[in-house]
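First comes the structure, then the notes that go with it.
2 protein chains.
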Amino acid sequence: MSEKKYRILVVNDDGFTAPGIKALIEVMKEIGEVTVVAPDSPQSGMGHAITIGKPLRLDKIHLYEGVEMYKCSGTPVDCVKLAVNKIFKGRKPDLCVSGINHGLNNSINVIYSGTMSAAVEGAIENIPSIGFSLDDYTWDADFEPCKKYIKAIALEVLKNGLQSGVLLNVNFPNKEKPIQGIKICRQANAKWAEDFEERQDPYNRNYYWLTGVFQNNDKGEDSDVWALNHHYVSVVPVQFDMTAHHAISVINEWNFDI
Amino acid sequence: MSEKKYRILVVNDDGFTAPGIKALIEVMKEIGEVTVVAPDSPQSGMGHAITIGKPLRLDKIHLYEGVEMYKCSGTPVDCVKLAVNKIFKGRKPDLCVSGINHGLNNSINVIYSGTMSAAVEGAIENIPSIGFSLDDYTWDADFEPCKKYIKAIALEVLKNGLQSGVLLNVNFPNKEKPIQGIKICRQANAKWAEDFEERQDPYNRNYYWLTGVFQNNDKGEDSDVWALNHHYVSVVPVQFDMTAHHAISVINEWNFDI
Numbered sequence: 006m007s008e009k010k011y012r013i014l015v016v017n018d019d020g021f022t023a024p025g026i027k028a029l030i031e032v033m034k035e036i037g038e039v040t041v042v043a044p045d046s047p048q049s050g051m052g053h054a055i056t057i058g059k060p061l062r063l064d065k066i067h068l069y070e071g072v073e074m075y076k077c078s079g080t081p082v083d084c085v086k087l088a089v090n091k092i093f094k095g096r097k098p099d100l101c102v103s104g105i106n107h108g109l110n111n112s113i114n115v116i117y118s119g120t121m122s123a124a125v126e127g128a129i130e131n132i133p134s135i136g137f138s139l140d141d142y143t144w145d146a147d148f149e150p151c152k153k154y155i156k157a158i159a160l161e162v163l164k165n166g167l168q169s170g171v172l173l174n175v176n177f178p179n180k181e182k183p184i185q186g187i188k189i190c191r192q193a194n195a196k197w198a199e200d201f202e203e204r205q206d207p208y209n210r211n212y213y214w215l216t217g218v219f220q221n222n223d224k225g226e227d228s229d230v231w232a233l234n235h236h237y238v239s240v241v242p243v244q245f246d247m248t249a250h251h252a253i254s255v256i257n258e259w260n261f262d263i
Numbered sequence: 006m007s008e009k010k011y012r013i014l015v016v017n018d019d020g021f022t023a024p025g026i027k028a029l030i031e032v033m034k035e036i037g038e039v040t041v042v043a044p045d046s047p048q049s050g051m052g053h054a055i056t057i058g059k060p061l062r063l064d065k066i067h068l069y070e071g072v073e074m075y076k077c078s079g080t081p082v083d084c085v086k087l088a089v090n091k092i093f094k095g096r097k098p099d100l101c102v103s104g105i106n107h108g109l110n111n112s113i114n115v116i117y118s119g120t121m122s123a124a125v126e127g128a129i130e131n132i133p134s135i136g137f138s139l140d141d142y143t144w145d146a147d148f149e150p151c152k153k154y155i156k157a158i159a160l161e162v163l164k165n166g167l168q169s170g171v172l173l174n175v176n177f178p179n180k181e182k183p184i185q186g187i188k189i190c191r192q193a194n195a196k197w198a199e200d201f202e203e204r205q206d207p208y209n210r211n212y213y214w215l216t217g218v219f220q221n222n223d224k225g226e227d228s229d230v231w232a233l234n235h236h237y238v239s240v241v242p243v244q245f246d247m248t249a250h251h252a253i254s255v256i257n258e259w260n261f262d263i
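Residue numbers (the working numbering), protein chains in the order written: chain R, 6 to 263; chain C, 6 to 263.
Listed below in structure tokens is the structure:
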């Protein structure tokens, strides 16, 4: 059987013009038939936002040879929903890949990331899904070293499948050293320490720019932050059941004064 | 010691004018000192979105007696970040409550909901946090029956604390029958079956409205959907560690062909 049997949905959050999605498309073309639905403007930090209060646009574009491609006015999650419902219709794709993001989505970033939320939405739709991100925030980031890992991980997912309700969050280390291999990890317990830069507009009204510093106090050698710091590709299995199952028995002991 | 010792942050996603946040403020005023930071426009479905590409406005308003209140141009998560950093500054509030949402945030809705994402952000900031939602989507929903439960749940959280990385997702059933009590639950395994209504603008270009039907195939009597269908208040402990810990050993068996 030809390797071209797989039908692959490619999405991202940096928008359809991003070099990161171009690199991901190039890898996926080696594996299957590629359909791209990407935002028409950058959607970083959109998390799992969906568009309710206004209508969506979905327009076919011609950008890469042999690739069916659409730009969408909505969020990354909207892109996945539109792809499943209006493009693939009844017959779901075999794989949904998101990225390659220009910047890390390790640790708590999974929850803010449009890249990862698109992959989560793919998994909610019961499609094997993977998000890819690189520790390089520049537009001209070099995605070449990621490509063989992306292909290998995608092929393993297609071969083995993923457990129900599980997707993968794959992050690539920075280019300071060669990649040392792949580590299967847990999400590090880290967070952003925000600050807001306060400025005044020409009318003397204040406004704020969100800024922040990533703070990791998790020293575990099984975390994604550790793996990336040691130049491994981090692979975190992610779930969208957000229940804190371990807390149910604790709260069952409480006595509510009704 | 006076009951007024607690410092409470109130947020929502329906915006500062919503009757739901008014009801929540009324309950919290009985417990402590209330500070409100709410979006200046409806932010339903914003999930964990943050505002990166543009600046934020934060303006003090005077709406309810004895309440410090601000409206914010950003998302529900932005509201929490601004509150912690620019209003509470170093000294975090004792409690962060979000809602009362006009509409359910049970099951998978936790991931799309601005109400719940604000509470998640509170928990990331290590503040005991609770999101409240009512199964009534109308603007003139009756929040009165929720109030004694909200007070009792908030007081238990303040008394017992919550485990690190855990918050509560509280949903109230519809008004067809009286509330039967409180159930501690897990998130039901349900999803939205989307459809998009396709229309044409006056220039003959297509656009799409997101619509959908909630589909629950989870028959478990320990789920939030079951509790709400049986007219209980559902309380789901939620975590923001999205690692699928049970999948790590499975994926460690894979052989990546690098």
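No residue lacks a Cβ here, since even glycine has one placed at the ideal position from N, Cα and C.
Quick check on residue i: buried or exposed, where buried means 16 or more other Cβ atoms within 10 Å of its Cβ?
i      : result
R:W197 : buried
R:E126 : buried
R:P81  : buried
R:S46  : exposed
C:K94  : exposed
C:R191 : buried
C:Y208 : exposed
R:H53  : buried
C:E130 : buried
C:G205 : One detail in the question is off: residue 205 of chain C reads as Gln in this sequence, not Gly. By the 10 Å Cβ count, C:Q205 comes out exposed.
R:S239 : buried
C:P178 : buried
R:S169 : exposed
R:I187 : buried
C:I263 : exposed
C:V42  : buried
C:K224 : exposed
C:P183 : exposed
R:K86  : buried
R:N222 : exposed
R:Q244 : buried
R:N260 : exposed
R:Q48  : buried
R:D147 : exposed
R:M6   : Confidence at R:M6 is low in this model, with a pLDDT of 45, below 50, so the placement of that residue should be treated as unreliable; the coordinate-derived value is given next. Classification of R:M6: exposed, given that the 10 Å Cβ count is below 16.
C:G319 : In this structure chain C extends from 6 to 263, so residue 319 of chain C is not present and cannot be described.
R:K76  : buried
R:K65  : exposed
C:G71  : exposed
Just curious, the alpha helix (DSSP H) that residue i is in, first and last residue?
i      : result
C:V85  : 81-87
R:E161 : 152-165
Three-state secondary structure (DSSP) at residue i?
i      : result
C:V32  : helix
C:I253 : helix
R:T248 : strand
C:C190 : coil
C:A146 : coil
R:I263 : coil
C:K182 : coil
C:K91  : helix
C:E8   : Low confidence applies here, because C:E8 scores a pLDDT of 49, under 50, leaving its location unreliable and the question unanswered by this model.
C:G264 : It is not possible to answer for residue 264 of chain C, since the shown part of chain C is limited to 6 through 263.
C:P242 : strand
Got a sec, what are the start and stop residues for the beta strand (DSSP E) residue i sits in?
i      : result
R:W231 : Per DSSP, R:W231 belongs to no beta strand (DSSP E); it is in the alpha helix (DSSP H), 229-234.
C:N176 : 171-177
C:G217 : 211-221
R:L109 : Note, R:L109: premise wrong, no beta strand (DSSP E); not H, not E.
R:D200 : 195-205
R:R12  : 11-16
Between residue i and chain A, is there a C-beta pair that is closer than 8 Å?
i      : result
C:S122 : Looking at the structure shown, chain A is missing, and the protein chains on hand are R and C.
Three or more C-beta pairs closer than 8 Å, one from the stretch 29-42 of chain C and one from the stretch 148-166 of chain C: is that the case here?
-> As far as the Cβ criterion goes, the stretch 29-42 of chain C touches the stretch 148-166 of chain C, which means the pair count is three or higher.
Residue ranges of each alpha helix (DSSP H) within the stretch 112-138 of chain R, 4 or longer | 114-117, 119-129
Contact the stretch 237-255 of chain R vs the stretch 69-81 of chain C: 3+ CB pairs below 8 Å = no
What are the uninterrupted segments assigned as alpha helix (DSSP H) that are 4 or more residues long and contained completely in the stretch 19-78 of chain R, given in chain order?
-> 24-34, all fully within the stretch 19-78 of chain R.
At a cut of 8 Å, does the stretch 135-146 of chain R reach the stretch 106-114 of chain R through at least three beta carbon pairs?
-> yes
Given 8 Å as the limit, is there contact between the stretch 8-19 of chain R and the stretch 86-103 of chain R, that is, 3 or more CB pairs closer than that?
-> yes
Should the stretch 55-62 of chain C be regarded as contacting the stretch 210-223 of chain R, the criterion being three or more beta carbon pairs within less than 8 Å?
-> yes
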